[in-house]
Amino acid sequence: MKILVLNGINLNMFGKRDPAQYGTVTLDEISQRLVALGRELGAQVENFQTNFEGAMCERIHAAHTDGTQAVLINAGAWTHYSYGIRDALAILKCPIFEVHMSNIHAREAFRHHSVIAEIAQGQIAGFGMDSYLLALRAAVAHLAR
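Following the numbering used here, the numbering of the sequence shown begins with -8 at its first residue and continues without gaps.
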């Protein structure tokens, strides 16, 4: 199983950015945990982060032909307004799992809406780093069916 984890704008700042919302775990720590859990579950996990919307779309396009079987995405602020990223994801034939460290539905009103949600298999939010781990488990279970 090949699973791609996409992290969007500003998420490279986990560990420094608003610890009350996101905790002190870094994106590198999250990525390491995902790779390790993936190994346990029999999945190859690739992590990708960018602050450039075009680079995110290019990586999503590559996933269309590189054998990616599922995508986990925390698009950061792009979740709420990037139709470009949403449309790139919609091209994929594999399941998409939307991930958020914080509970976006318990925050500012603009964060309540996700342009990705309607094309996602599901959304996991509010569990910090565990949101990623839960999403990976859900993706592997979905692919094993």
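Every residue, glycine too, gets a C-beta built ideally from N, C-alpha and C. Remember, predicted model here, so these are calculated numbers, not experimental data.
Cα atoms of G119 and L2: separation of roughly 13 Å, rounded to the nearest angstrom. For E31, the enclosing alpha helix (DSSP H) stretches over residues 18 to 32. Here F118 carries a coil assignment [DSSP, helix/strand/coil]. Taking C-beta atoms as the reference points, E37 and L80 fail to come closer than 8 Å. Closest option to K(-7), judged by alpha-carbon separation, among V16, A54, Q12: A54. Distance from the CA of A129 to the CA of Q114, rounded to the nearest whole angstrom, comes to 10 Å. Straight-line spacing of the CA atoms in G29 and L134 works out to 13 Å. For the pair I110 and A68, the CB atoms are not nearer than the 8 Å cut-off. The C-beta distance from L127 to L25 rounds to 6 Å, short enough to meet the 8 Å contact threshold.
Counting along the chain, the unbroken alpha helix (DSSP H) around G75 starts and ends at 74 to 82.
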